[in-house]
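Enquirer: Position in the sequence shown (first residue = 1) + 3 = the numbering used here. Handing you a structure now.
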Amino acid sequence: MWESLYGTLLAYPIVCFVFVPMYYNLGITSVYQYLDLRFKSRLVRCLASGTFIFRQFLLQGVTVFTPCVALKAISGVPYWVSICGIGLISMFFNILGGLKAAIWADVLQSVITVLVSVAIIICGALEAGGIGRVVELNKKDGRLEFFNFDPDPTVRVTTISAVFGTLFMSLSILGCQQSFVQRYLSMGSRQQVTKVLMYNIPVVTVLFSLAWVVGMVIYAVYESCDPLSYGYIKNLDEILPFYVGDRFSFFPGLLGLFMATLFNGALSLNVSLVNSLATVTYEDFLKPIPALKGLKDYYELWTIKGISVVYGLIIMGMSFVVSMIDGVIEASMLVTSVTSGPLLGVFLLAMLIPVANGKGAAFGIILGHLVTFWIAIGAFIIEKPPTPYLPLNTYGCNETFFSDYIKRPSDVSFNVTTFNLMKNTYTEPIQPDVSNMKNPLYLLYSVTYMYYTCIGCLVTVLFGSLVSYITKSKLDKCDEDLIHPMIWKIKNLCRRSASFELPEVKEKETPVN
């Protein structure tokens with residue numbers, strides 16, 4: 004998963020070269036307005052906007068669920084209590100208009116998150132015997148498996164799937180998401196946008212790597228006594244809050260600060276996102292309705308607030324769905340991968356395929372969604388062998404290994420036999436049925452979720468181009484400014500090389516008497 008950083012970093016120069024010139028030259032304010040101009044189709048604009056809204060629903064479900072895992076690990080509060088609490092508070096803030104406070108709180112939250120991560124790395128490395136010892140333990144036990152170029156698309160994560168999967172996902176987010184495009188257009192020049200994006204590469208590298216280094220350190224500390232195997236936690240996602248409560252008990256208030264930061268992140272993002280989604284929904288879908296035209300500002304405001312309440316309830320429901328997926332990281336990558344491909348594909352059609360028209364773009368994005376959701380749903384339905392886990396150890400466990408403030412849940416019984424059975428289940432994957440391996444649908448459903456974005460994008464571009472070519476007409480001519488400049492240069496170059504012009508021969512003039 005650490006190697007998914009490669010794809011993210013590759014996306015930055017591509018965004019600078021392909022997407023930024025288009026948006027900046029046109030001077031548009033909405034990224035979906037570009038699709039309306041390019042295809043002269045409100046349907047394509049609504050499909051793209053609806054895709055963005057749906058993706059944010061799913062991602063926000065993961066965001067809301069994440070701190071609930073931490074609270075359950077620390078205090079045993081059920082998931083449904085935390086999810087409902089965050090959802091109801093967010094809806095209350097939206098009704099009151101608390102967006103400004105949520106944005107300012109993000110600044111403090113980001114600083115505290117980085118500081119807590121650095122503190123975990125320093126203290127954990129000192130306890131484990133230094134950074135060298137941390138790397139040695141992780142490498143010895145198979146946690147650092149870099150450069151795995153296995154071409155099998157059914158393997159959960161390899162270097163190839165990590166690079167291509169996150170490259171397409173990052174292009175969709177950085178190049179086709181309204182919040183990022185607004186930031187690009189707010190800068191003074193296109194060169195400044197490029198400079199800022201390229202400067203972002205080392206910053207993203209450091210911040211992204213912090214999470215994985217924290218994981219390495221925590222594994223090194225618990226290498227001889229795994230809390231999951233010993234019955235102290237029930238879910239792999241609970242390991243980080245458990246570690247903070249266990250090893251930082253000497254620091255009064257740090258655990259509370261850590262929990263407050265997690266919940267503040269979920270609350271502030273939920274408030275700002277629900278507010279933005281409600282506004283986009285009203286502007287793109289409801290405002291064009293004849294019955295709502297000319298509505299007074301007061302009623303517009305309360306309509307948007309009503310939509311935000313509905314969206315808050317939907318996000319709460321999404322959080323309960325996310326709780327059934329194994330791991331918040333996988334859940335986040337899965338929902339992003341499923342919804343990002345068709346959205347990226349329709350923008351590539353608009354910018355790079357001159358023959359593309361509104362009919363082809365609409366058909367492509369719809370088919371792209373159907374294919375990716377079909378594969379994702381099929382992957383949940385079929386019976387696949389469980390994901391194998393690497394070995395977990397308990398040979399160093401004793402009554403004094405964990406802090407006195409940490410108590411093992413009373414409803415969890417542990418013995419050596421139970422651990423051995425669990426260990427065998429984790430380390431020895433069940434082989435799939437040979438008859439299933441011959442079924443093409445089974446192979447399709449077994450493709451890793453890292454490739455969903457690639458599949459959705461390719462389906463959208465290929466079938467969108469095909470339908471556009473079949474249904475093309477003279478009315479489909481688009482402005483040259485709406486196609487990437489490099490595409491026009493290549494097209495003109497090919498046209499010149501394919502044509503052969505004879506030199507002009509002037510006719511001899513006949514004198515007039």
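All C-beta atoms in this analysis are idealised placements derived from N, C-alpha and C, irrespective of residue type, glycine included.
#1: Do the CB positions of Val67 and Ser335 come within less than 7 Å of each other?
#2: Counting along the chain, where does the alpha helix (DSSP H) carrying Pro205 start and finish?
#3: Are three or more beta carbon pairs between the stretch 27-44 and the stretch 214-226 nearer than 8 Å?
#4: What first and last residue would you give for the alpha helix (DSSP H) that runs through Gln59?
#5: Does the structure place the stretch 133-140 close enough to the stretch 285-293 that three or more beta carbon pairs sit under 8 Å?
#6: Quick one, which of Asn396, Met489, Ile356 and Ile490 has its alpha-carbon nearest Val470's?
#7: Measuring CB atoms only, is the stretch 179-188 touching the stretch 75-85, in the sense that at least three cross pairs come out at less than 8 Å?
#8: Is it buried or exposed, Ser476, if we count other Cβ atoms within 10 angstroms and call 16 or more buried?
#9: Taking DSSP as the reference, what is the three-state secondary structure of Asp414?
#10: State the CB to CB distance for the pair Ile368 and Tyr448, rounded to an integer number of angstroms; the pair is presumed to be in contact (CB under 8 Å).
#11: When we look at the beta-carbon of Phe254 and count the other beta-carbons within 10 Å, is it buried (16 or more) or exposed?
#12: Suppose contacts are defined by Cβ-Cβ distances below 7 Å. Is Leu337 in contact with Gly467 by that definition?
#13: Terminal residues of the continuous alpha helix (DSSP H) containing Lys308?
#14: With Ala281 as the anchor, note down where its alpha helix (DSSP H) starts and where it stops.
#15: Indicate the three-state DSSP secondary structure (helix, strand or coil) for Lys296 in the structure shown.
#16: Report the rounded CA-to-CA distance for Leu12 versus Tyr302, giving the unit in angstroms.
#17: Look at the alpha carbon of Thr197 and the alpha carbon of Phe55, and state the distance between them as a whole number of angstroms.
#18: Give me the residue from Pro230, Ile242 and Thr456 with the minimum Cα distance to Ala214.
#19: If the criterion is Cβ atoms closer than 7 Å, does the pair Val349 and Ala364 meet it?
#20: Give the DSSP-derived three-state secondary structure of Glu6 in the structure shown.
#21: Hey, how far is the Cα of Pro70 from the Cα of Val312?
#22: At the level of alpha carbons, what is the spacing between Leu370 and Cys400?
Expert: With the given structure in hand:
#1: No, they are not a contact pair.
#2: Its alpha helix (DSSP H) spans residues Arg193 to Val224.
#3: No, they do not touch.
#4: Gln59 -> alpha helix (DSSP H) spans Arg45 to Ser78.
#5: Inter-segment contact for the stretch 285-293 and the stretch 133-140 is absent: fewer than three beta-carbon pairs are separated by less than 8 Å.
#6: Of the candidates Asn396, Met489, Ile356 and Ile490, the residue whose Cα lies closest to the Cα of Val470 is Ile356.
#7: Two segments are said to touch when three or more pairs of C-beta atoms, one from each, lie closer than 8 Å; by this definition the stretch 179-188 does not touch the stretch 75-85.
#8: With fewer than 16 Cβ atoms within 10 Å of its Cβ, Ser476 is classed as exposed.
#9: The predicted position of Asp414 is uncertain, since its pLDDT is 49 and thus under 50; a value taken from the coordinates is nonetheless stated next. Three-state DSSP puts Asp414 in coil, outside helix and strand.
#10: At roughly 22 Å, the Cβ-Cβ gap does not stay under 8 Å, so Ile368 and Tyr448 are not in contact.
#11: Around the beta carbon of Phe254, a 10 Å sphere encloses fewer than 16 other beta carbons of the protein chains shown; the residue is thus reported as exposed.
#12: For Leu337 and Gly467, no; Cβs fall outside 7 Å.
#13: Residue range Asp300 to Val325 is occupied by the alpha helix (DSSP H) that includes Lys308.
#14: Taken as a continuous stretch (DSSP letters only), the alpha helix (DSSP H) holding Ala281 covers Leu257 to Thr284.
#15: Of the three classes helix, strand and coil, the one that applies to Lys296 here is coil, per DSSP.
#16: About 44 Å.
#17: Cα atoms of Thr197 and Phe55: separation of roughly 24 Å, rounded to the nearest angstrom.
#18: Cα-wise, what sits closest to Ala214 is Ile242.
#19: It is a contact, given that the beta carbons lie within the stated cut-off.
#20: The three-state secondary structure of Glu6, taken from DSSP, is coil.
#21: When rounded, the distance between both Cα atoms is 21 Å.
#22: Just so you know, the alpha carbons of Leu370 and Cys400 end up roughly 54 Å apart.
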